[in-house]
Amino acid sequence: MTTAIAPQRQPAGARAAQSSGRFAERAFRFRESGIIAVLALFVLTTSLIQPRFVSSSNIQFVLVDTSVYALVALGETLVIITRNVDLSVQSVLALSAYLSANLFGQVHGIPVPVVFLVGLGIGLAFGAANGLMVSLGRVPSLVVTLATLYIIQGIDTLVVGSNVVVASSLPSGFVDIPNVTVLGIPWLAIAVAAVIGAGAYYLRSFRSGRELYAIGSNPEGAQLVGIPVAKRVFTAFTLCGGIAGVGGVLWAAQFQTINSSAGGTNFSLIVIASAVVGGVAIFGGSGSVTGAAIGALLLGTINVALDVLGISDFWDQAIAGFLLLLAIAIDRGITVRLAAALQKRSARDEG
Amino acid sequence: MKADRGVTRADGPSVPPGGAASRDARPALTRWRPPITAGHLLRWETGLLIVVIAIGILGVSTSSLFLTSNNMFNLGLQSGEIAMMALPMTLIIISGEIDLSVASVMGMASALLGYLFARGWPMLAIFVVILLAGAAAGAINGLLVTRLGLPSLAVTIGTLGLYRGVADIVLGPNTISNFPANYTSIGISPVAGTDISFSAAVFIVLAVMFGVVLHFTPVGRSIFAMGASPEAATFAGIRVKRVKTLLFIVSGVVCSLAGVLMTFRLSTAVNTNGLGLELDVVAVVLLGGVSIFGGKGTIVGVVLGVLAFAGIQNALLLTNFNQEAASIPVGGLLLLSVFVPSMALLIGRVRDRITTRGRAGPPAIGTGHG
Numbered sequence: 029m030t031t032a033i034a035p036q037r038q039p040a041g042a043r044a045a046q047s048s049g050r051f052a053e054r055a056f057r058f059r060e061s062g063i064i065a066v067l068a069l070f071v072l073t074t075s076l077i078q079p080r081f082v083s084s085s086n087i088q089f090v091l092v093d094t095s096v097y098a099l100v101a102l103g104e105t106l107v108i109i110t111r112n113v114d115l116s117v118q119s120v121l122a123l124s125a126y127l128s129a130n131l132f133g134q135v136h137g138i139p140v141p142v143v144f145l146v147g148l149g150i151g152l153a154f155g156a157a158n159g160l161m162v163s164l165g166r167v168p169s170l171v172v173t174l175a176t177l178y179i180i181q182g183i184d185t186l187v188v189g190s191n192v193v194v195a196s197s198l199p200s201g202f203v204d205i206p207n208v209t210v211l212g213i214p215w216l217a218i219a220v221a222a223v224i225g226a227g228a229y230y231l232r233s234f235r236s237g238r239e240l241y242a243i244g245s246n247p248e249g250a251q252l253v254g255i256p257v258a259k260r261v262f263t264a265f266t267l268c269g270g271i272a273g274v275g276g277v278l279w280a281a282q283f284q285t286i287n288s289s290a291g292g293t294n295f296s297l298i299v300i301a302s303a304v305v306g307g308v309a310i311f312g313g314s315g316s317v318t319g320a321a322i323g324a325l326l327l328g329t330i331n332v333a334l335d336v337l338g339i340s341d342f343w344d345q346a347i348a349g350f351l352l353l354l355a356i357a358i359d360r361g362i363t364v365r366l367a368a369a370l371q372k373r374s375a376r377d378e379g
Numbered sequence: 007m008k009a010d011r012g013v014t015r016a017d018g019p020s021v022p023p024g025g026a027a028s029r030d031a032r033p034a035l036t037r038w039r040p041p042i043t044a045g046h047l048l049r050w051e052t053g054l055l056i057v058v059i060a061i062g063i064l065g066v067s068t069s070s071l072f073l074t075s076n077n078m079f080n081l082g083l084q085s086g087e088i089a090m091m092a093l094p095m096t097l098i099i100i101s102g103e104i105d106l107s108v109a110s111v112m113g114m115a116s117a118l119l120g121y122l123f124a125r126g127w128p129m130l131a132i133f134v135v136i137l138l139a140g141a142a143a144g145a146i147n148g149l150l151v152t153r154l155g156l157p158s159l160a161v162t163i164g165t166l167g168l169y170r171g172v173a174d175i176v177l178g179p180n181t182i183s184n185f186p187a188n189y190t191s192i193g194i195s196p197v198a199g200t201d202i203s204f205s206a207a208v209f210i211v212l213a214v215m216f217g218v219v220l221h222f223t224p225v226g227r228s229i230f231a232m233g234a235s236p237e238a239a240t241f242a243g244i245r246v247k248r249v250k251t252l253l254f255i256v257s258g259v260v261c262s263l264a265g266v267l268m269t270f271r272l273s274t275a276v277n278t279n280g281l282g283l284e285l286d287v288v289a290v291v292l293l294g295g296v297s298i299f300g301g302k303g304t305i306v307g308v309v310l311g312v313l314a315f316a317g318i319q320n321a322l323l324l325t326n327f328n329q330e331a332a333s334i335p336v337g338g339l340l341l342l343s344v345f346v347p348s349m350a351l352l353i354g355r356v357r358d359r360i361t362t363r364g365r366a367g368p369p370a371i372g373t374g375h376g
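Chains A and B are the protein sequences, given in the same order. In this text, residue positions in the first sequence follow this note's numbering: the first is 29, and each later residue adds one. In this text, residue positions in the second sequence follow this note's numbering: the first is 7, and each later residue adds one.
Here is the structure:
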């Protein structure tokens, strides 16, 4: 009898684990496939009504327009995954945009890569300051980064004042960055996609990347199993700041007229919204940088699609807001079903 | 961590001397305590009061205009609406949630006011519609948060876009500015017989109301309870979902009222009214010592936070300093507001460790070993 029971039990348990594993896998993939489906539906309907929407020049425009948002959303995602948030990215971006663009006027013939490094450095410094305070001070990141948002904004207004960097002071090698294409695809979009790919690979396959998820899903637990929580959180904030700094340089290249308010009033919240639309859970522990990038792409696409369809721009915000609510509601639904499936699985395993 | 907290509780002044649970009279219970303890001095509100006084002295010493009635009016005018919106925000944050859609509700109210006025609606009907719209906006926030169990941070970033979107759709690129003078006068003259602006007067009345509700009623206690522990509050029979939904509705109503006041003050209804103010409102509340994690905070603290926020900006304006740079001291204060209490905690933790090590008696009550 015992020999008969043993082989019977094994496959049953294995099957249960497998099926719930498959469900979990499907659910996790759905997080992004849902948003991809929405994006595809949007592009399809818009292009059926107005074929001009999928013209190569329009696609190029959307891709370039989305690049900075997708890039900064990558940094923000790293932070959100650890159950933190960085509200200061818009001020870092604004300050870096002005300071880097201003360099061209200050130092004649400064090479473009050096300017990017300067932008990166500015961002890394502010990101590290955020990271230090959050990880060592053990204080809520929302308050810390709200405070640094104010402080950096204040520095920005003091430094910039009423100055404006104008396009004529920028070298052509810089202002052409958004216009260079490779096989019809903007070089900028390819570069950003590559960075996002690297970020996705890091989060998926590196030990320290996985640890960011562990910290986000259970900070105390992560500490107990020996994950260097403070160090990882510090790194996430530093990277986020650095990316926002580079985003500022790209913003300068794209818009070419830079005053103290590059990025706009609600840039940080738009970036957080992109990440959340893309399936990044606001309280950490799940989501991906590709999802966040697709979220940014969707929000950018809506903007352009409404234009193309002849619907007033003024519908843009409402639709984006509605989509965000839909995304978090769907995400919640998945979480609830996933929890139920896991519970069923453990009940089956015990029974 | 748990054990530490147990020690703090058992050792604290709140335990009555000679409680039934204590096995022997411990020296801690008979130790003399000064009437003003380090705990009082380390309270954020005390520090903030000193900061507010310092700002006042700074303002008076740098500009003879600071204490003039005209300037006091301007001070209230500049910050009245933010101050109003900070009150429901305080309750929401204490209850453990957040509302980032406040400025968009404000913009929506402003747009509705312009739109309906341009269509010749009577003012009273417009007000009713606007307050109802504000209540509905708050109810949507509240229901999404409580009934669907969605995080309020994400929900209200979504409705921040949605309600601003409604303002965009309603008003489009139009600017309405021909409001009757008896309404727009609130942007020019103070409340009769005083130096305070209309919005500041509304804030004072609301602050008293919110203070009483928060600190002196069962509903107020339940707001603290649900912020400290939603599960415990639910088990204690508090209607957590209902109260939270109500708080969001109140926030919607107050913010739409603020939107109306702003529209009349600027004498302009435009879809960008109030854009970006949500973070100012949150900053004022946190500046007032309210914990972002919920369960802690006072209306007095928030009123002091409002005064500090408004005072810094006003003082810098009078000294011909770049007023936008006022955000640097505001941000600095905000940092202090999180670091000072955590430093107090740290000091307390160190002190606890010393006292527990020094005492050779039995383990403290409530640590589970006995």
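By construction, the Cβ of each residue, glycine as well, lies at the ideal position given by its N, Cα and C atoms. Here the structure is a predicted model, which is why all the values come from computation and not from measurement.
Query	Result
Contact under 8 Å by Cβ, Glu-60 of chain A with Ala-303 of chain A	no
Any chain A beta carbon closer than 8 Å to Pro-157 of chain B	yes
The region 93-102 of chain B contacting the region 232-249 of chain B, beta-carbon criterion three pairs below 8 Å	yes
Ala-309 of chain A to Ile-108 of chain A span [Cα, whole Å]	8 Å
Touching by the beta-carbon criterion (3+ pairs, under 8 Å), the region 239-259 of chain B and the region 170-180 of chain B	no
Cβ-Cβ distance between Gly-282 of chain B and Thr-293 of chain A below 8 Å	yes
8 Å Cβ cut-off: residues of chain B touching Thr-185 of chain A	Asn-328, Glu-330, Ala-331, Ser-333
Where Asn-294 of chain A meets chain B, residues with beta-carbon distance less than 8 Å	Leu-166, Leu-281, Gly-282
Closer than 8 Å to chain E by CB, Gly-178 of chain B	Absent from the structure: chain E. Protein chains present are A and B.
In DSSP terms, what Gly-209 of chain A is bridged to	The question names Gly, but residue 209 of chain A in the sequence shown is Thr. A:Pro-214, per the DSSP bridge assignment.
Neighbouring residues, chain A, relative to Arg-170 of chain B (Cβ below 9 Å)	Asn-294, Gln-345, Ala-346, Gly-349
Contact the region 111-123 of chain A vs the region 154-171 of chain A: 3+ CB pairs below 8 Å	yes
Buried or exposed by the 16-neighbour rule on C-beta atoms within 10 Å, applied to Pro-94 of chain B	buried
is_contact[Ala-264 of chain B, chain A] using C-beta, thresh 8 Å	no
CB contact below 8 Å: Gly-338 of chain B versus chain A	yes
Straight-line Cα distance separating Val-140 of chain A from Ile-205 of chain A	10 Å
Where the region 161-190 of chain A meets chain B: residues whose CB sits under 9 Å from a CB there	Met-161, Gly-165, Arg-166, Val-167, Pro-168, Leu-170, Val-171, Val-172, Leu-174, Ala-175, Thr-176, Leu-177, Tyr-178, Ile-179, Ile-180, Gln-181, Gly-182, Ile-183, Asp-184, Thr-185, Leu-186, Gly-189
Alpha-carbon spacing of Thr-325 of chain B relative to Ser-70 of chain B, whole angstroms	10 Å
Closer than 8 Å to chain A by CB, Ser-348 of chain B	yes
DSSP-derived helix/strand/coil call for Ala-198 of chain B	coil
Whether Leu-131 of chain A touches Ile-138 of chain A by CB criterion (8 Å)	yes
Where the alpha helix (DSSP H) through Val-146 of chain A begins and ends	140-165
Proximity winner among B:Thr-240, B:Leu-119, B:Leu-322, B:Val-344, relative to Asp-174 of chain B (alpha-carbon distances)	B:Leu-119
Expected contact under 8 Å - CB spacing of Ser-107 of chain B and Ala-143 of chain B to nearest Å	7 Å
Distance, Val-308 of chain B Cα to Ile-255 of chain A Cα	38 Å
Endpoints, alpha helix (DSSP H) assigned at Gln-181 of chain A	169-188
Cross-strand partners of Ala-275 of chain B (DSSP beta bridge)	B:Ile-182
Burial state of Arg-365 of chain A (16 or more Cβ within 10 Å)	exposed
Whole-angstrom C-beta distance between Leu-106 of chain A and Leu-267 of chain A, which should lie under 8 Å	6 Å
Coil, strand or helix - Ile-330 of chain A by DSSP	helix
Opening and closing residue of the alpha helix (DSSP H) in which Lys-259 of chain A lies	257-283
Contact list for the region 76-104 of chain B against chain A, Cβ threshold 9 Å	Ile-104
contact_flag[the region 198-208 of chain B, the region 74-90 of chain B] where n(CB pairs < 8 Å) is 3 or more	yes
Proximity below 8 Å, CB of Phe-209 of chain B to CB of Met-90 of chain B	yes
Inter-residue Cα distance where the pair is Gly-165 of chain A and Glu-239 of chain A	20 Å
Straight-line gap, Phe-265 of chain A to Phe-154 of chain A (C-alpha atoms, nearest Å)	9 Å
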